[in-house]
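Each remark here refers to the structure printed beneath this line.
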Ligand code: ADP
Ligand code: MG
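In the working numbering, the protein residues as written are 1182 to 1431.
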């Protein structure tokens, strides 16, 4: 579903991604862990067209992200083509970014109505189903300010699902939550994983990574230092940098 080949990204003179190679298989939960500033968010943002890579190749579902290759040369895609690629990818951020003036169901309906031109009635029906799926059937008419952080994040997940993505990206989805609200969000993510969604999850929740993750990479300084089965990498890290990081977070 995702393939990165020597993906590089710089901001000015600062090289943030220094040749990322990885592969996310369809249906798997792929976890990315690593210290702050190691490039995890930047990598997710490259997958979702929020940043453009400077070198290497990045594929989603077999299609080059953001570029067309012709005669060995790369050409940037037009905005319309980029939008079409982004439509297949759902993203959930640390901060939920819900529209404050819209109810939960309106937040979830927004993209299908605006982007896919789904009828309001149809979008509302589907949004209600999705809110039910994340355990918020009784909150459809609530505004974000009336919801807890965990509930808002579950609305954000439902909102991402409303576009029927084939890939979901999660960037530290529980990091901004009070500890007692983390579990309800992780439970929704676990259910999504069980239903077969392909998920790339940047997280500091090592329990989740161990229990739900199919693969895990440890990133540091813009490179993948170590990768493998989460139980192996977390339980028996091979590299000093991984050991040092895990000793601080576990
Ligand atoms: P992580 O998510 O692992 O904490 P990030 O991908 O957010 O790391 O950031 C990696 C590095 O890239 C950091 O040093 C950060 O300051 C830098 N960076 C991220 N975005 C930008 C940007 N838009 N402009 C300049 N530097 C950036
Ligand atoms: Mg980050």
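Built from N, CA and C at the ideal position, the CB exists for glycine as well.
- Fewer than three Cβ pairs drawn from the stretch 1243-1255 and the stretch 1301-1317 lie within less than 8 Å of each other, which leaves the two stretches out of contact.
- Taking 6 Å as the cut-off, one finds at least one heavy atom of the ligand ADP near enough to the beta carbon of residue 1221.
- Here residue 1358 carries a coil assignment [DSSP, helix/strand/coil].
- Short note on residue 1192: C-beta closer than 6 Å to some heavy atom of the ligand ADP.
- For residue 1200, the shortest C-beta to heavy atom distance toward the ligand ADP is 6 Å or greater.
- Restricting attention to 1246, 1377 and 1398, the CA atom closest to the CA of residue 1387 is found in 1398.
- Inside the stretch 1353-1431, DSSP marks whole alpha helix (DSSP H) runs of 4 or more residues at positions 1360-1375, 1387-1393, 1411-1416 and 1421-1430, from first to last along the chain.
- By the neighbour-count definition (other C-beta atoms within 10 Å, threshold 16), residue 1360 is an exposed residue.
- A straight line joining the alpha-carbon of residue 1294 with that of residue 1311 spans about 15 Å.
- Counting along the chain, the unbroken alpha helix (DSSP H) around residue 1228 starts and ends at 1221-1228.
- In this structure, residue 1223 lies away from residue 1203, with their beta-carbon atoms at least 7 Å apart.
- Look at residue 1349 here: in three-state DSSP terms it is strand.
- Taking non-hydrogen atoms of the ligand ADP into account, the C-beta of residue 1428 is found less than 6 Å away from none of them.
- Contact between residue 1219 and residue 1401 holds, with the beta-carbon distance rounding to 5 Å and staying under 8 Å.
- Between the stretch 1332-1345 and the stretch 1368-1381, the count of C-beta pairs closer than 8 Å reaches three or more; the two stretches touch.
- The stretch 1229-1238 makes no contact with the stretch 1408-1415, as fewer than three CB pairs between them are under 8 Å.
- According to the DSSP assignment, residue 1328 belongs to no alpha helix (DSSP H), since it is labelled neither H nor E.
- Residues of the same chain with a CB within less than 7 Å of the CB of residue 1221, apart from the 5 flanking positions on each side, are 1213, 1215, 1383 and 1400 in chain order.
- In the three-state scheme derived from DSSP, where H, G and I count as helix and E and B as strand, residue 1255 is classed as strand.
- Here residue 1250 is bridged, per DSSP, to 1255.
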